[in-house]
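A.B. asks:
In the numbering used here, the protein residues as written are 298 to 508.
Next comes the structure, spelled out in structure tokens:
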């Protein structure tokens, strides 16, 4: 059976390597590639796919926001999220947003193949390392940290601000006005109970939201 897999990552070399790996395992698979959210939405809206493999960190519209878009277009479309973040906060947010699988990019190739097979067969997959962290930290989510209640866009703006980006830089990257980013910043301050960007930075570091 021919399987159609869409690879979404802003690094062409990574897409090529992943495509080579999967093609060797899935002999009859067909692949599409997108380097950003706009390209991914165009391909997803005009063609049928059996699986989307999506990077969580992309310039512009983030992988989490794109995940929401894809699920709105096709709720049953399996999406495997790849991430350099092995913190459970990112996995929780991804799963809440509808991801069918979550993998760390630095994991073994065998794990990637196992996840792809699992999702193509209609299942779900979480990296064992992440699953262990989730199990250990499960009790904390009864009193969830406030950033888990942020929208995906608010969460992305929080991370950008905490990384030291200026409002105009963030606005340009996300394709919105600086006024919109200022509004998001005010919402973040209110929701998290902070007064300064320094508070945001400390919070993001404490919760390992930035590296």
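Don't be surprised by glycine CBs; every beta carbon is placed ideally from N, CA and C.
As the structure is a computational prediction, the values presented were derived from the model and not from experiment.
Take residue 467 and list the residues in its own chain whose beta-carbon comes closer than 8 Å to its own, dropping the five residues that flank it on each side.
C.D. replies: Residue 467 sits at position 170 when you count from the first residue of the chain shown. Around residue 467: 454, 457, 458, 478.
A.B. asks: I'd like to check one pair, residue 485 with residue 471: are the Cβ atoms closer than 8 Å?
C.D. replies: By one-based count along the chain shown, residue 471 stands at place 174. By one-based count along the chain shown, residue 485 stands at place 188. In this structure, residue 485 does not lie closer than 8 Å to residue 471 by Cβ.
A.B. asks: May I have the straight-line CA-CA distance separating residue 348 from residue 303, to the nearest angstrom?
C.D. replies: Within the chain shown, the letter at position 51 stands for residue 348. Within the chain shown, the letter at position 6 stands for residue 303. Rounded to whole angstroms, residue 348 to residue 303 spans 6 Å at the Cα level.
A.B. asks: When the distance is taken between beta carbons, is residue 489 closer than 8 Å to residue 425?
C.D. replies: The residue you call residue 425 lines up with position 128 of the chain shown. The residue you call residue 489 lines up with position 192 of the chain shown. It is not a contact, given that the beta carbons lie outside the stated cut-off.
A.B. asks: For chain B, find out if any of its Cβ atoms is closer than 8 Å to the Cβ of residue 373; answer yes or no.
C.D. replies: In the structure shown, chain B does not exist; there is a single protein chain.
A.B. asks: Applying the 10 Å Cβ sphere with the 16-neighbour rule, what's the burial state of residue 345?
C.D. replies: As a first step, residue 345 is located in the chain shown; it is residue number 48 there, counting from the start. Answer is exposed; the Cβ neighbour count stays below 16.
A.B. asks: Whole angstroms is fine: what's the gap from residue 332's alpha carbon to residue 416's?
C.D. replies: Counting from 1 along the chain shown, the entry for residue 332 is found at position 35. Counting from 1 along the chain shown, the entry for residue 416 is found at position 119. Taking the straight line joining both Cα atoms gives about 22 Å.
A.B. asks: Please classify residue 300: does DSSP put it in a helix, a strand, or coil?
C.D. replies: Locating residue 300 in the chain shown gives position 3, where the first residue counts as 1. Here residue 300 sits in coil by DSSP.
A.B. asks: Just reading off the beta strand (DSSP E) that residue 351 is part of, what are its end residues?
C.D. replies: By 1-based counting over the chain shown, the position of residue 351 is 54. Taken as a continuous stretch (DSSP letters only), the beta strand (DSSP E) holding residue 351 covers 348-352.
A.B. asks: In this structure, does DSSP put residue 318 in helix, strand or coil?
C.D. replies: Within the chain shown, the letter at position 21 stands for residue 318. Helix, per DSSP.
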